[in-house]
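S.K.: Residue numbers (this note's numbering), protein chains in the order written: chain Z, 436 to 641; chain F, 436 to 641; chain E, 436 to 641; chain W, 436 to 641; chain U, 436 to 641; chain X, 436 to 641; chain H, 436 to 641; chain R, 436 to 641. Backbone N, C-alpha and C define an ideal beta-carbon position, used for all residues, glycine too. What you are looking at is a predicted structure, and each value in this text was computed from that prediction instead of being measured.
Number of protein chains: 8
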Amino acid sequence: LRCGAAEIVYGASKTKEQIAEIAAEMLGSGQKTVLITRMSPDAAEFVSSRLPLDYNEAARAGIAGERPAPDGRGKIVIATGGTSDIPVAEEAAVTAQALGNEVTRLYDVGVSGLHRLLAHTDEIMTASAIIAIAGMEGALASVVGGLADCPVIAVPTSVGYGASFGGVSALLSMLNSCASGVSVVNIDNGFGAAYCASMINHIGVI
Amino acid sequence: LRCGAAEIVYGASKTKEQIAEIAAEMLGSGQKTVLITRMSPDAAEFVSSRLPLDYNEAARAGIAGERPAPDGRGKIVIATGGTSDIPVAEEAAVTAQALGNEVTRLYDVGVSGLHRLLAHTDEIMTASAIIAIAGMEGALASVVGGLADCPVIAVPTSVGYGASFGGVSALLSMLNSCASGVSVVNIDNGFGAAYCASMINHIGVI
Amino acid sequence: LRCGAAEIVYGASKTKEQIAEIAAEMLGSGQKTVLITRMSPDAAEFVSSRLPLDYNEAARAGIAGERPAPDGRGKIVIATGGTSDIPVAEEAAVTAQALGNEVTRLYDVGVSGLHRLLAHTDEIMTASAIIAIAGMEGALASVVGGLADCPVIAVPTSVGYGASFGGVSALLSMLNSCASGVSVVNIDNGFGAAYCASMINHIGVI
Amino acid sequence: LRCGAAEIVYGASKTKEQIAEIAAEMLGSGQKTVLITRMSPDAAEFVSSRLPLDYNEAARAGIAGERPAPDGRGKIVIATGGTSDIPVAEEAAVTAQALGNEVTRLYDVGVSGLHRLLAHTDEIMTASAIIAIAGMEGALASVVGGLADCPVIAVPTSVGYGASFGGVSALLSMLNSCASGVSVVNIDNGFGAAYCASMINHIGVI
Amino acid sequence: LRCGAAEIVYGASKTKEQIAEIAAEMLGSGQKTVLITRMSPDAAEFVSSRLPLDYNEAARAGIAGERPAPDGRGKIVIATGGTSDIPVAEEAAVTAQALGNEVTRLYDVGVSGLHRLLAHTDEIMTASAIIAIAGMEGALASVVGGLADCPVIAVPTSVGYGASFGGVSALLSMLNSCASGVSVVNIDNGFGAAYCASMINHIGVI
Amino acid sequence: LRCGAAEIVYGASKTKEQIAEIAAEMLGSGQKTVLITRMSPDAAEFVSSRLPLDYNEAARAGIAGERPAPDGRGKIVIATGGTSDIPVAEEAAVTAQALGNEVTRLYDVGVSGLHRLLAHTDEIMTASAIIAIAGMEGALASVVGGLADCPVIAVPTSVGYGASFGGVSALLSMLNSCASGVSVVNIDNGFGAAYCASMINHIGVI
Amino acid sequence: LRCGAAEIVYGASKTKEQIAEIAAEMLGSGQKTVLITRMSPDAAEFVSSRLPLDYNEAARAGIAGERPAPDGRGKIVIATGGTSDIPVAEEAAVTAQALGNEVTRLYDVGVSGLHRLLAHTDEIMTASAIIAIAGMEGALASVVGGLADCPVIAVPTSVGYGASFGGVSALLSMLNSCASGVSVVNIDNGFGAAYCASMINHIGVI
Amino acid sequence: LRCGAAEIVYGASKTKEQIAEIAAEMLGSGQKTVLITRMSPDAAEFVSSRLPLDYNEAARAGIAGERPAPDGRGKIVIATGGTSDIPVAEEAAVTAQALGNEVTRLYDVGVSGLHRLLAHTDEIMTASAIIAIAGMEGALASVVGGLADCPVIAVPTSVGYGASFGGVSALLSMLNSCASGVSVVNIDNGFGAAYCASMINHIGVI
Ligand SMILES: Nc1ncnc2c1ncn2[C@@H]1O[C@H](COP(=O)(O)O)[C@@H](O)[C@H]1O
Ligand SMILES: Nc1ncnc2c1ncn2[C@@H]1O[C@H](COP(=O)(O)O)[C@@H](O)[C@H]1O
Ligand SMILES: Nc1ncnc2c1ncn2[C@@H]1O[C@H](COP(=O)(O)O)[C@@H](O)[C@H]1O
Ligand SMILES: Nc1ncnc2c1ncn2[C@@H]1O[C@H](COP(=O)(O)O)[C@@H](O)[C@H]1O
Ligand SMILES: [Mg+2]
Ligand SMILES: [Mg+2]
Ligand SMILES: [Mg+2]
Ligand SMILES: [Mg+2]
Ligand SMILES: [Mg+2]
Ligand SMILES: [Mg+2]
Ligand SMILES: [Mg+2]
Ligand SMILES: [Mg+2]
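1) Which residues bound the beta strand (DSSP E) around H:G497?
2) Could one say the Cβ of U:A496 lies closer than 8 Å to chain R's Cβ atoms, at least one of them?
3) If the criterion is Cβ atoms closer than 8 Å, does the pair X:I513 and X:S563 meet it?
4) Please look up how many angstroms separate the CB atoms of X:M560 and X:G595, rounded, as I've assumed it's under 8 Å.
5) Count the other CB atoms within 10 Å of the CB of E:D477; is the residue buried (16 or more) or exposed (fewer)?
6) Check the Cβ-Cβ distances between U:R502 and every residue of chain W, and say whether any is below 8 Å.
7) If you follow the beta strand (DSSP E) that R:D489 is part of, which residue opens it and which one closes it?
8) Applying a beta-carbon distance threshold of less than 7 Å, which residues of chain Z neighbour R:A524?
9) Near R:Y490, what residues of its chain come up, given a Cβ to Cβ distance below 6 Å and the 5 sequence neighbours on each side ignored?
10) Mind listing the chain W neighbours of U:R508? Cutoff is C-beta to C-beta under 9 Å, in chain order.
11) May I have the straight-line CA-CA distance separating W:S599 from E:L607, to the nearest angstrom?
12) Apply the 10 Å Cβ neighbour rule to U:S699 and answer buried if 16 or more other Cβ atoms are within range, or exposed otherwise.
13) Return helix, strand or coil for W:I513, following the three-state DSSP convention.
14) Is it true that the CB of U:G625 sits closer than 8 Å to the CB of U:V546?
15) On the three-state DSSP scale, how would you describe X:V603?
16) Report the partner residues of E:I566 according to the DSSP bridge assignment.
17) Consider the Cβ of F:I471: report whether some Cβ of chain W lies at a distance smaller than 8 Å.
18) Can you tell me where the alpha helix (DSSP H) holding X:R551 begins and where it ends?
19) Contact criterion: CB-CB distance below 8 Å. Does W:L610 meet it with respect to chain U?
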């Protein structure tokens with residue numbers, strides 16, 4: 436990506452010592468911003484005892500070093516169907532911010548209460564890119580895609596039970612969206628969606 | 436069901452001669468209305484050469500004998516996401532009419548063009564029961580369920596391609612609907628949905 | 436729904452403090468009845484130290500405030516195939532009561548011991564709506580649907596092992612029911628079934 | 436199996452010439468009875484122009500040579516849920532007869548019309564073995580297994596549409612049967628079920 | 436089943452107190468033998484402090500009261516592919532014994548070491564019924580079915596990892612067995628297989 | 436989308452007469468460009484007898500009216516793994532052109548012959564957006580995503596046999612891509628990918 | 436691969452003219468042997484009117500130009516479970532021969548008739564590599580793998596019905612093989628197995 | 436296998452006492468090398484208190500007795516897509532060494548950073564056999580297979596989340612590899628891959 440943007444550490448299969456060491460080395464060699472995802476509160480505590488770290492517990496992600504000033508074309512809207520989708524949304528938000536984007540959060544605007552979503556038509560119509568995050572039936576992506584004129588990145592979540600099959604139901608919904616301009620990333624992959632949205636929000640930005 | 440309601444013949448695995456014979460016998464023994472579903476145009480032609488038959492080609496279903504006067508509590512609304520879902524909707528409509536219900540059709544009101552659906556809020560708010568029919572991502576059931584105060588019977592359809600998996604994507608969506616008051620029948624089962632809706636529309640009707 | 440009916444709190448992804456606060460606010464602003472589902476015994480203890488709460492441990496659900504007097508058209512029958520399905524049935528029962536319904540429980544009447552079910556033909560024939568709850572092969576819904584004249588809401592449960600696949604086997608059985616008038620909700624969704632049944636039992640009730 | 440029993444030719448992947456040649460050779464070398472399964476009417480016509488063949492068109496199977504006299508312990512009951520299951524049932528019947536068994540057919544006794552099944556309690560209680568054949572929700576096996584005292588061989592059929600998934604729904608139902616004494620064979624495998632039932636019906640017969 | 440045979444308690448979803456009480460009541464009312472399956476060692480300890488219980492820890496099953504003398508026609512052979520399948524095999528063995536059968540165990544005779552199986556051709560050729568138990572590729576059922584002349588009940592087990600999918604691979608193998616006379620029960624259902632085998636072994640026994 | 440862009444007709448479930456009528460009406464009411472997808476050669480012949488139509492047989496899609504001049508920020512690269520993926524790629528190409536984009540085709544650059552792909556590093560590094568189309572193992576998306584700095588829209592195709600499961604294998608591969616900046620659309624959905632890519636290529640274009 | 440070995444044309448998605456042209460060009464530029472797979476009899480007729488072609492109809496594959504003399508270390512054994520697997524086996528055989536290998540065919544040696552397989556222990560013990568081909572339960576790979584000391588390449592086939600799921604059952608069996616030294620290729624991929632086996636049979640051959 | 440090679444103990448379902456006893460007996464009766472796989476650190480500690488054991492904690496495997504000198508034809512390359520795949524790779528490495536092979540490790544050379552892989556073209560071009568290990572999208576096997584001239588054994592891993600489905604996504608990718616010479620073993624089966632690779636590396640070695 437553009438120079439200045441964050442380096443990224445995927446914390447999932449690393450010890451807290453490994454994470455701290457990798458991030459310290461990156462910061463030491465001149466990187467201003469290091470995004471660390473899938474990091475436990477315990478690892479975060481360890482890392483912040485060694486480095487300046489802005490940890491977001493809901494997201495299980497944090498920014499080591501400086502959070503860059505937003506330098507994208509516009510705003511990235513992050514919408515969720517319910518409150519249980521918020522951890523994925525926050526992973527997306529932290530990622531987007533680490534990559535230099537301004538973020539608008541629209542949480543709990545799922546389609547069974549349509550008025551809550553329609554109350555935010557303004558934000559939806561003026562976004563550079565929208566991240567639509569939902570579990571269970573995943574209908575949010577289609578409704579948002581139908582309203583918006585910008586690219587929509589859909590993120591199915593593993594929220595739900597029974598026939599939600601750990602996010603498969605929402606994933607299939609989103610892949611079959613009858614709204615144009617919707618593409619999909621892996622279940623619970625808030626990071627990946629924000630990375631795509633940031634690329635879109637930085638097109639033509641030098 | 437209540438006296439007077441239709442007898443039903445499932446035509447799928449029967450020859451045209453078998454269908455005609457069974458329906459003739461029913462009418463002959465005093466039944467006023469016989470609903471025949473999953474019947475090919477060819478079989479319908481054969482049957483109507485022997486019996487009074489009102490055949491609906493889109494539905495691949497027909498009413499032999501008399502269509503009963505509507506005697507339900509109110510109207511059954513039948514909504515579809517797209518135009519390709521119409522055959523399933525018409526199977527539901529013919530069934531509902533054969534069972535003594537007044538039907539309102541709201542076709543092609545899928546969620547990627549929300550205004551088309553919202554233009555019919557009146558019909559949705561005054562229905563006795565709603566049949567929500569959609570393929571692909573099946574989001575219609577959740578949006579309708581969120582708007583309506585009456586029971587919603589959702590019918591997934593096999594419309595779509597790729598990851599729609601012959602209706603599985605829509606089926607899972609509907610089972611996971613975050614709107615209360617939504618229940619689901621088998622893929623493409625317009626008949627079953629109308630049967631449920633008719634039962635609901637006739638509660639307390641003697 | 437009709438005025439007077441319960442507000443509903445889905446406890447699954449909320450802390451005990453959040454649940455207590457939301458319910459207290461609802462009761463404080465005039466709501467008479469608050470149904471709380473998917474709430475652990477531990478959360479229930481916390482909530483009842485702050486609010487009047489009638490907690491049903493098997494159901495993992497409770498009613499804060501007053502339980503409303505039944506005002507439906509008739510009774511809702513809740514039937515289960517086995518004893519392991521009882522938690523789902525109790526979730527349905529608590530929900531139905533919170534929404535103003537009288538409930539008849541027919542537990543452990545699974546189809547491999549048909550006489551136990553047939554002994555209750557009376558209750559089945561006089562219900563407003565029936566909730567048929569079963570895991571493993573889910574045959575109960577078809578047998579009940581064949582006997583009854585009222586709508587049957589089928590709830591597959593995750594009870595079983597091996598090829599029950601966490602409720603998928605029962606779910607598929609129920610979707611394929613050859614009895615008319617059967618519709619289906621998500622695996623283990625006692626709440627959803629009771630909500631549908633209550634809507635049916637309150638049709639035309641002002 | 437016991438001497439005298441039929442040789443078996445699985446016609447599915449063989450030309451009519453191959454079938455005729457194999458069967459002729461078997462009969463020529465002293466075999467009294469040759470069962471041929473999965474044989475088209477066209478192939479049957481060809482074979483019967485060369486050999487004595489008793490072809491059952493519904494079963495798509497036939498017996499070349501002599502049909503043996505029944506020499507089992509008792510009767511094999513073959514029950515189906517619907518009329519569409521009859522081809523599988525007839526494959527089972529022809530197989531059972533070719534292997535020396537007396538067969539009782541109970542067709543269209545599915546569980547959504549329980550009285551039709553219960554009217555045959557006598558046949559069920561006196562069978563040596565029962566073959567329970569059903570598509571869609573496959574509940575027949577559990578109900579029959581609950582009534583009977585003898586082994587029940589369940590055969591799921593590919594009858595149905597949508598979420599019947601070509602017999603998978605019925606297969607899972609039957610594997611999860613809560614009735615004891617039920618075992619299962621492959622989808623549409625009438626032959627295999629009859630082979631098992633014949634073994635059981637000939638135990639201790641020399 | 437025949438008088439004298441065991442009553443059965445499925446312990447899986449019952450407390451140790453419930454199991455003890457149900458079994459005590461059965462024994463108290465004249466039942467000689469009570470088979471209890473899916474019972475933890477802890478529950479077994481509790482039950483044996485109140486009742487005579489012969490508990491088999493590998494099987495997680497036990498016989499309360501007396502073990503009946505074998506009164507079947509012959510022996511039931513129980514074969515496993517590996518040593519990890521032994522718990523399922525022991526559930527089958529305890530069940531078979533509780534139902535009055537003599538049992539021969541052939542453990543760890545899987546098909547990748549064919550000589551171990553072929554060394555037991557005698558036991559296989561003289562069994563009344565064989566229970567073939569295997570996880571992973573489940574090939575044992577086909578090989579045994581090809582050798583034996585008696586009914587084979589196949590039990591897939593959840594032994595394995597990766598693409599064994601908790602027993603699904605073995606289940607599908609067994610359903611597709613190209614050997615005649617093989618039928619299948621649910622994954623890990625040693626009880627069900629033994630029940631079927633016992634029925635077969637007692638045919639014609641008064 | 437931006438004014439001037441194409442209207443779109445999805446031909447899949449429409450008769451040739453319906454397609455011609457809808458397109459004629461759109462052109463008649465001032466629309467300059469109408470994109471028609473999923474249209475058979477036969478329907479195309481009929482439509483072109485009534486309207487100016489530029490039909491692409493591989494794509495089964497065509498542009499009625501004028502093809503707009505490209506007015507995007509840069510080029511859209513369309514890459515395929517094999518030659519069998521070309522129909523999907525051409526649907527994407529026609530769509531992209533109808534929406535005002537310049538297209539670069541890189542066909543048959545699958546990862547088992549990496550040099551063919553690496554020979555086009557220039558085109559990949561300078562694209563506005565890339566559409567990566569592949570069946571079977573779908574690895575192209577990850578490799579392209581690893582090389583490129585722009586958003587990659589991955590399209591799984593139903594090309595392959597056996598365990599390709601009609602595109603499911605490629606779909607899963609692409610959803611799990613370990614390269615950042617990759618999002619996915621439905622199997623064979625060349626249209627949807629091009630619509631997303633066009634949105635990206637027109638960001639900030641008035 | 437080694438110089439001299441065949442070039443390969445995958446005919447599946449090519450017209451007969453394309454196949455002929457590609458093969459002619461390869462032969463024209465000095466290639467001695469061209470293997471063409473997945474080619475219809477009709478295309479083969481067209482190709483042989485232009486080129487020397489040795490077409491194997493069962494295999495739907497052929498060798499254009501010269502068949503090379505075998506120059507491998509030893510023999511490749513190709514074994515099948517049934518006669519319906521022969522087309523896949525012949526694809527493997529033609530491929531192996533085109534790549535310079537001597538082939539031994541052991542057809543219809545499936546595990547339900549173990550003696551037929553054991554009669555060929557000699558060929559199995561002296562092979563360089565074995566290709567084990569089977570549909571339905573796929574047990575052949577495990578049994579062969581248990582007997583042999585050389586690498587076994589397993590090919591599941593789509594032969595079967597019902598729960599064979601187009602080869603999935605055999606595929607899973609083979610992946611779970613408890614015999615060491617077994618690896619697996621795609622369903623019906625005779626070509627791929629032979630390519631692997633040829634590599635093994637040519638190790639150290641210059 | 437060849438004399439001198441290791442005996443193998445699969446520790447997964449054995450107690451530490453059983454493992455120690457079996458290994459001791461093997462060493463006692465003259466076996467020089469015993470490979471123990473799927474053994475916990477705790478069991479390893481117990482075993483090494485009784486036997487000379489070289490335990491590899493990442494691999495959860497160890498060699499009791501002597502590690503044999505490499506006597507294969509060349510080297511086995513073990514490549515992984517990411518660092519999370521290392522446990523599976525180490526199981527393969529320990530196995531290969533126990534069977535007398537020299538091993539080259541190429542870890543974290545996944546296809547989204549192609550240069551890291553291409554930097555090792557030398558090792559890839561000179562290997563006897565390559566083990567390609569990857570989770571998530573599993574593309575490594577195709578890219579390596581396209582580069583290499585020797586057999587590639589692909590091992591899908593359960594690394595990943597969401598739509599990686601515990602290794603299924605990687606497994607399908609690998610089975611569909613469009614590179615020739617790739618075969619596949621079970622998810623996470625490092626042992627099985629190394630066994631195959633060792634067989635290949637020892638061909639013609641006496
Ligand atoms: N309908 C059927 N389904 C499955 N297997 C069958 C069927 N009919 C016959 N068979 C089996 O096919 C064998 C004969 O196969 P073949 O030697 O190929 O003719 C018989 O011994 C049976 O095991
Ligand atoms: N391991 C088992 N798997 C499946 N069903 C079982 C098992 N053990 C017992 N059963 C069944 O459970 C019934 C008793 O259930 P319950 O009345 O709940 O104790 C028995 O009649 C058996 O049909
Ligand atoms: N190949 C395609 N796949 C999926 N959706 C499509 C395709 N082509 C067109 N569409 C959608 O179909 C809509 C038009 O549908 P209709 O009004 O039925 O003609 C467009 O707005 C697109 O969203
Ligand atoms: N039956 C087959 N299944 C899978 N891949 C094949 C088959 N036959 C040929 N191939 C592959 O197809 C390639 C040639 O493809 P193409 O260049 O499209 O003709 C060969 O190099 C093989 O890798
Ligand atoms: Mg839009
Ligand atoms: Mg509602
Ligand atoms: Mg009914
Ligand atoms: Mg019974
Ligand atoms: Mg046998
Ligand atoms: Mg990139
Ligand atoms: Mg071997
Ligand atoms: Mg290669």
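M.R.: Reading off the structure:
1) A496 to G500
2) no
3) no
4) About 29 Å separates the two Cβ atoms, so there is no contact after all.
5) exposed
6) no
7) Boundaries of the beta strand (DSSP E) around R:D489: L488 to N491.
8) Here the premise fails: no neighbours, minimum Cβ distance about 13 Å.
9) A479 and G497
10) At a C-beta separation below 9 Å, U:R508 has these neighbours in chain W: I638 and G639.
11) Spanning the two alpha carbons is a distance of roughly 7 Å.
12) Not covered by the structure: residue 699 of chain U. The range shown for chain U is 436 to 641.
13) strand
14) no
15) helix
16) E:I513 and E:I588
17) no
18) Boundaries of the alpha helix (DSSP H) harbouring X:R551: L549 to L553, taken from the DSSP string.
19) For W:L610, the answer is yes, since a Cβ of chain U falls inside 8 Å of its Cβ.
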